């Protein structure tokens, strides 16, 4: 429990049950409580196990406090999650200790206290879940951030003879895929060996200038005739060009 996260009305409880004065400003109260908690941890001071405060008032106070903390968890500030987690978890621990020290003398009070303790435990689990989920979400966002995010892949054809890309027996472009039509027309103009008319340049123009209906599809490349010995290399559009001759 971090003393600096406790509110004034919570300090007003933690000090009297340890028989410490609750007067003074908040800073002085926190100093006194911090010293008492250190002594309890060292075994130099007895940890209070019960208190004689009015049980009905205590149950009402704890019920109100848990409703407040539940709303805080629902509005958990993930941009300041570490401080938010410490603040809410400290106050949940305060409520848990407060409930456990109530001396209930009726079955109704005992039942009410049990319900509030169950709610406190459930809210503690909710807080842990929200906190850990925010960490995982941040890690996922960082993993997917550019330039590490997945990018569409494009094919690159390497060391493919011009004659192997088309069927030498074909007399017409009818029924050919967009890629085959493009390569066939380029082949007929005998421009495969030139910089602007190379196979790679032709494919690049198809990617950048083609209409939606004639965009290159990976299945078109894989289905070309005479490409059994062709090597197909996939690479990211955002990281490299279609290749060099």
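Numbering (the UniProt record's numbering), first residue to last: 1 to 245.
Where is the CB? At the ideal position from N, CA and C, for every residue including glycine.
Because the structure is a prediction, the values reported are computed rather than measured.
Here residue 88 is actually not in contact with residue 37; their C-beta atoms are around 19 Å apart, not less than 8 Å. The segment 79-95 makes contact with the segment 120-137: 3 or more CB pairs, one atom from each, lie closer than 8 Å.
The Cβ atoms of residue 30 and residue 47 lie no closer than 8 Å to each other. For residue 72, the uninterrupted alpha helix (DSSP H) run begins and ends at 55-74, by DSSP. Rounded to the nearest angstrom, the gap between the Cα atoms of residue 134 and residue 77 is 10 Å. With a 10 Å radius around the Cβ and a threshold of 16 neighbouring Cβ atoms, residue 11 comes out buried. The C-beta distance from residue 58 to residue 33 rounds to 19 Å, too long to fall under 8 Å, and the pair is not in contact. Approximately 6 Å separates the beta-carbon atoms of residue 123 and residue 69; this is inside 8 Å, confirming the contact. The segment 8-63 is shown to contain whole alpha helix (DSSP H) runs of 4 or more residues at 8-14, 26-41, in chain order. For residue 6, there is no enclosing alpha helix (DSSP H), as DSSP marks it with neither H nor E.
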